[in-house]
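For any residue, its number in the working numbering is found by taking its place in the sequence shown, counting from 1, and adding 7.
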Amino acid sequence: MSLSTVGYLARRAAQKERVRILYRRALRDTLNWAVHRHLFYQDASDLRERFEANKNVEDLDTIDHLIADAEAQYEKWRHPDPYIVPWAPGGTKFTRNPPPPSGIEIVYDYGKEENE
C-alpha cells in the first residue's frame, strides 16, 4: 500500500468515527426533545434520512465540510436541559443518601438481644 492510500484510509476512518459519534449524540438529544415515543420515532426517522442523504459522498474535503456543518447545527439545536437518569452523576437522586461519616457505627442486628 502506498503512503497516499494509507493516509486516505486513515482520514476516511476518522471521518466515519466522527459521523458515528455525531449521529449517536444527535439521536440521544432527539430523545430529550420528544415528549412521547411516537414523536421520537418520527424525529429519529427524519434524522436518519438526513444522514443517509450524504451517505455516498466520496470527496474527503466535502465530507469534512458536511461534518463540520452538522456539528455546528447540533451545537445550535442542542437541548438546554437534557434528561439525566436520576441516579447518574448530575441526576436528582445522585448521592441523595451519602454514606455516614466515619466514626458512626450502624448496627444491623437490631431486635436480636444477646442472652447473657
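Note that the Cβ used here is the ideal one computed from N, Cα and C, for glycine as well. The model shown is predicted, which means the values in this text are computed figures rather than measured ones.
Sequence-distant residues of the same chain with beta carbon closer than 7 Å to residue i, five excluded per side
i   : result
D76 : none
Residue from the options whose Cα sits closest to the Cα of residue i
i   : options              : result
W84 : V13, R19, I28, R32   : R32
Y81 : A20, Y115, V92, F58  : F58
D89 : L34, R18, G14        : Before going further, note that residue 89 is Pro rather than Asp in the sequence given. Nearest option by C-alpha distance: L34.
D71 : P107, R44, R103, A20 : A20
L29 : E78, R18, I113       : E78
D68 : S11, R18, S9, M8     : R18
V64 : G97, V26, G98        : V26
P87 : W40, N61, G110       : W40
A60 : D50, L73, Y48, Q49   : L73
D53 : T37, V42, I111, R103 : T37
D66 : P106, Y15, R55, I113 : Y15
Own chain, CB closer than 8 Å to residue i, minus 5 neighbours either side, in chain order
i   : result
W94 : K100, F101
Y48 : none
Same chain, Cβ closer than 6 Å to residue i, neighbours up to 5 away in sequence not counted
i   : result
V92 : G98
R55 : none
Segments assigned alpha helix (DSSP H), at least 4 residues, entirely inside the region 49-99: Within the region 49-99, the runs of alpha helix (DSSP H) that reach at least 4 residues and sit entirely inside it are, in chain order, 67-84.
Could I get the ranges of all uninterrupted alpha helix (DSSP H) runs contained in the region 8-49, with 4 residues as the minimum, in chain order? Complete alpha helix (DSSP H) runs here, min 4: 10-40.
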